[in-house]
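Worksheet for the structure shown next.
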Amino acid sequence: MAVVFEKPKALTDATLHYCPGCTHGIIHRLVAEVLDELGVQGKTVGIASVGCSVMSYDYFDVDMVQAAHGRAPAVATGVKRANPENIVFTYQGDGDLAAIGTAETVHSAARGENITIIFVNNAIYGMTGGQMAPTTLPGQVTQTSPYGRDTNHVGFPLKVCELLSNVDGAAYLERVAVNNVKNVKAAKKAIKKAFTYQTEGKGFSLIEVLSTCPTNWGLTPPDALKWLEENMIPYYPLGVYKDKYAEEAEK
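Numbering (the working numbering), first residue to last: 89 to 339.
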């Protein structure tokens with residue numbers, strides 16, 4: 089009998105702990121499928137961050153390292169420089185990467201470290217109860233912004249791809265989403281390109297994935313997908329924000 093769908097080899101058999109409707113599981117699968125297709129599972133090292141993704145080391149069937157909060161790019165830098173033949177990626181949420189880890193993210197990009205960052209943006213602190221995050225939208229209600237994010241008081245959300253697009257060392261930056269089949273396919277294509285660039289030694293890549301958090305958004309899974317499409321994508325437009333090698337090829 090022909091196999092039409094199966095679990096990627098780069099995922100373990102562990103049951104995911106994520107809330108119903110959370111799209112972390114989709115993103116995990118896409119990363120694992122790419123590792124399988126590129127044939128690099130056996131030489132891949134993942135760096136787990138702090139947040140809802142902290143237990144990703146239970147799910148990816150590759151060598152994993154646990155980093156302190158926000159420090160995953162720094163840990164990835166050390167692993168890659170010590171073992172340049174390995175494929176090294178971080179898996180980070182917005183509270184981890186865009187708050188306490190902002191400096192590590194920016195400077196690893198500035199140095200052009202040959203690593204891949206999977207950045208999951210759900211516009212909220214998920215694991216710790218739903219507080220306002222650096223990516224929380226203007227007017228968005230959270231546990232610490234019960235009347236909506238007031239930009240006059242706390243400033244504006246941080247747009248990571250736009251920020252890093254001005255960093256010379258960044259090679260490839262793309263923002264994707266996983267709210268429907270079309271976007272999931274585009275997300276996988278972007279993730280595969282990022283890992284391919286690393287195998288070719290082209291430098292720093294970051295894929296920002298717009299994701300849902302039904303529990304802390306207070307929505308059903310279907311409504312969360314709709315909220316992402318109607319609110320997050322307009323504020324965080326999808327697309328390629330930098331592709332150094334494609335730009336050079338066009339010159």
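C-beta atoms are modelled at their ideal positions from N, C-alpha and C, and glycine is treated no differently.
What number of angstroms, rounded off, separates the C-alpha of residue i from the C-alpha of residue j?
i    : j    : result
A259 : V119 : 19 Å
T100 : L246 : 34 Å
H195 : D256 : 11 Å
Y147 : S137 : 13 Å
K314 : L326 : 16 Å
N267 : T204 : 22 Å
A265 : V153 : 26 Å
T230 : L252 : 27 Å
M220 : M89  : 50 Å
K168 : I175 : 8 Å
N271 : F177 : 22 Å
G243 : P226 : 9 Å
R237 : N254 : 27 Å
A164 : A312 : 32 Å
I115 : K97  : 15 Å
A197 : S141 : 22 Å
G109 : T103 : 15 Å
R117 : K276 : 9 Å
V91  : N171 : 36 Å
In the structure shown, what three-state DSSP assignment does residue i receive?
i    : result
K281 : helix
Q286 : helix
A274 : helix
S141 : helix
S253 : coil
T224 : coil
T204 : strand
G127 : coil
A198 : helix
L246 : coil
H105 : coil
A160 : helix
M215 : coil
Quick one: is residue i buried, meaning 16 or more other Cβ sit within 10 Å of its Cβ, or exposed?
i    : result
H241 : exposed
T308 : exposed
Y235 : exposed
V248 : buried
For residue i, which residues does DSSP report across the bridge?
i    : result
N209 : L298
A136 : Q154 and Y179
Y260 : S293 and D331
F148 : L99
A265 : L298
S233 : T230
Select from the options the residue whose C-alpha is nearest the C-alpha of residue i.
i    : options                   : result
L126 : F283, Y179, S299 and M143 : F283
T232 : G158, E318 and I212       : I212
M215 : M143, Y333, I114 and A278 : M143
G217 : I188, A278 and P302       : P302
P322 : G200, L185, L298 and H105 : L298
R199 : T224, A186, G166 and N171 : G166
V150 : Y106, T224, D184 and I135 : I135
V269 : Y106, T224 and E317       : E317
I295 : I279, E288, A170 and K131 : I279
A187 : A102, L261, N209 and A334 : N209
K330 : P222, T111 and Y285       : Y285
N202 : E335, V133, A155 and G183 : V133
G181 : R117, P222 and A170       : P222
G189 : P172, G291 and A156       : A156
F292 : K332, A191 and M320       : K332
C107 : L261, E335 and G306       : G306
Quick one: does the C-beta of residue i sit closer than 8 Å to a heavy atom of the ligand GTP?
i    : result
S196 : Absence of the ligand GTP is noted for the structure shown, with no ligands found whatsoever.
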